[in-house]
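Asks: Here UniProt numbering is used: the first residue of the sequence shown is 1, the next is one more, and so on.
Got a structure here, written out as structure tokens. Questions coming.
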Amino acid sequence: MNSKREERRRAAIEQQIDENLKRVYEQDATQQIPDKFLELLEKLRDNGYDQGNPA
């Protein structure tokens, strides 16, 4: 009897974790890239670094 109750509890916890992870990912995915990071990427491209390969 306790094992079924424990299984339901675990399933509920796993569902809650999944929902929270999805929520965090969705919030993070909608945030814009900071200007400083974009400037750094532009400088790297200008210096010949493209697709991880130095010029």
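Ideal placement from N, C-alpha and C gives every residue a C-beta, glycine not left out.
Because the structure is a prediction, the values reported are computed rather than measured.
Is the shortest distance between the beta-carbon of K43 and the beta-carbons of chain C less than 8 Å?
Replies: Of the chains in the structure shown, none is chain C; there is only one protein chain.
Asks: What's the gap between the Cα of N47 and the Cα of E26?
Replies: On the sequence shown, residue 47 is found 47 positions in, with the first residue counted as 1. On the sequence shown, residue 26 is found 26 positions in, with the first residue counted as 1. Each residue's alpha carbon lies about 33 Å from the other.
Asks: When you compare only the Cα positions, how much space is there between E7 and K22?
Replies: Stepping through the sequence shown from its first residue, residue 7 is reached at position 7. Stepping through the sequence shown from its first residue, residue 22 is reached at position 22. Near 22 Å, if we compare the C-alpha coordinates of K22 and E7.
Asks: With I17 as the anchor, note down where its alpha helix (DSSP H) starts and where it stops.
Replies: If you number the sequence shown from 1, residue 17 lands on position 17. Looking at the DSSP string, the run of the alpha helix (DSSP H) that includes I17 is N2 to T30.
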